[in-house]
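Just so we're on the same page, the numbering used here is the position in the sequence shown counted from 1, plus 5. These notes are about the structure you will find just below.
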Amino acid sequence: MNPGTVLTQPVLITGASSGIGFACAELLVNQGAEHIIITGRCPEKLAVAKQALQSKADNSRVDVYQCDQSSKEDIERLFAELTLHESWPASVVMNVGINYFHEYGAKKLHNLTFEQIEQSITVNITHTVYMLTQLLKPMRNRQAGKLILIGSQGWLHGLAGQALYNLSKSSLVGLKNSIVSEYQANGVFCHLLHPGVVINARTKKLRRKHPELEATAVSEMQVAEAIFGLLNIENASENGQEMVI
Numbered sequence: 006m007n008p009g010t011v012l013t014q015p016v017l018i019t020g021a022s023s024g025i026g027f028a029c030a031e032l033l034v035n036q037g038a039e040h041i042i043i044t045g046r047c048p049e050k051l052a053v054a055k056q057a058l059q060s061k062a063d064n065s066r067v068d069v070y071q072c073d074q075s076s077k078e079d080i081e082r083l084f085a086e087l088t089l090h091e092s093w094p095a096s097v098v099m100n101v102g103i104n105y106f107h108e109y110g111a112k113k114l115h116n117l118t119f120e121q122i123e124q125s126i127t128v129n130i131t132h133t134v135y136m137l138t139q140l141l142k143p144m145r146n147r148q149a150g151k152l153i154l155i156g157s158q159g160w161l162h163g164l165a166g167q168a169l170y171n172l173s174k175s176s177l178v179g180l181k182n183s184i185v186s187e188y189q190a191n192g193v194f195c196h197l198l199h200p201g202v203v204i205n206a207r208t209k210k211l212r213r214k215h216p217e218l219e220a221t222a223v224s225e226m227q228v229a230e231a232i233f234g235l236l237n238i239e240n241a242s243e244n245g246q247e248m249v250i
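Shown next, in the form of structure tokens:
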């Protein structure tokens, strides 16, 4: 993949109707990206996001697809639609991840239900890997592709009350290393970004419970800028970056 292809070839960003994903899409549009593909669970929010993105750059094509990553059927439908519309992405930002802290509050391991465990592992690990199996096949065939996995600093500190989130995000380290090991020879780049606490409405409860995190909190656009930097790495010797911001 030559320099500049991040902006000239399709970029897929999952979970991008708001938050980090939307900020990333917004940054790419502002940089002149020709084709952005975003996914999200809510069709109404996706429509609003599409309108906002297209209002910033008339020359950018913005496609939206409803996809709930907790649903295997939604994932399969997404890839069927991408194939049908000949919109297969050259670069992908894997942004979807759930943290039960935001819905249920801090829950130590002994208080977790089987359903909470299953949901977190399914969305954050099982279906993330399943999506990657679908993405890596064409990247391998094209001998080119870029993947950005979104981790978290939470697991580095074992942040109390979100063990499942910490577990799932720590698993991305081994996943990223395996992708680089298995597909670097096929021209596939894979990097992992670990943001600190991101300043948005979703993390308000977490920041209130852990005020010490405010000092190192980052904005959604700061995360997007870091993602953009990783997408622009072209030197094979720099493949497999693991960045903490």
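Every residue gets a Cβ at the ideal spot worked out from N, C-alpha and C, and that includes glycine.
Straight-line Cα distance separating residue j from residue i
i: M136; j: P94; result: 13 Å
i: L51; j: D79; result: 15 Å
i: A190; j: K214; result: 45 Å
i: L172; j: V249; result: 17 Å
i: W160; j: S176; result: 10 Å
i: N35; j: K61; result: 7 Å
i: A1; j: L164; result: This structure cannot settle anything about residue 1, because the visible part of the chain is limited to 6 through 250.
i: L235; j: Q246; result: 8 Å
i: N244; j: V185; result: 7 Å
i: T221; j: T13; result: 34 Å
i: K210; j: T118; result: 21 Å
Residue j beta carbon less than 7 Å from that of residue i
i: R53; j: L33; result: Checking the displayed sequence, the identity of residue 53 turns out to be Val instead of Arg. Going by C-beta atoms, V53 is not nearer than 7 Å to L33.
i: G110; j: Q158; result: no
i: R212; j: H107; result: no
i: V134; j: I103; result: no
i: Q56; j: H132; result: no
i: L198; j: A231; result: yes
Same chain, Cβ closer than 8 Å to residue i, neighbours up to 5 away in sequence not counted
i: E5; result: Only positions 6 to 250 of the chain appear in the structure, and residue 5 is not among them; the question remains open.
i: S183; result: none
i: G166; result: F106, G110, A111, K112, K113, K214
Proximity to residue i [Cα-Cα], best of the options
i: R66; options: S92, S176, R46; result: S92
i: D63; options: G37, R213, L83; result: G37
i: V40; options: H90, G163, K142, E123; result: Here residue 40 turns out to be His, not Val, going by the sequence shown. That would be H90, whose Cα lies nearest to the Cα of H40.
i: T88; options: Y105, C47, K142, A231; result: K142
i: A149; options: V193, T131, M248, G179; result: V193
i: G179; options: C195, A165, Q167, A168; result: C195
i: L169; options: A229, E120, E187; result: E120
i: S76; options: Q124, E86, L117, E187; result: Q124
i: R145; options: K181, I130, I122, E187; result: E187
i: I130; options: E49, K174, V11; result: K174
Neighbourhood of residue i by C-beta, 7 Å cutoff - its chain only, sequence neighbours within 5 removed
i: T44; result: T19, G20, A21, Y70, C72, L83
Nonlocal neighbours in the same chain, by C-beta distance under 6 Å from residue i, ignoring five residues either side
i: P8; result: Confidence in P8 is poor, its pLDDT being 41 and thus under 50, which makes the residue's placement unreliable; the coordinate value appears in the next sentence. So the list reads E239, once near-sequence residues are dropped.
i: P48; result: Q71
Next item on the list: Flag this pair as touching only if the region 92-107 and the region 152-164 have three or more C-beta atom pairs under 8 Å; answer yes or no.
Entry: yes
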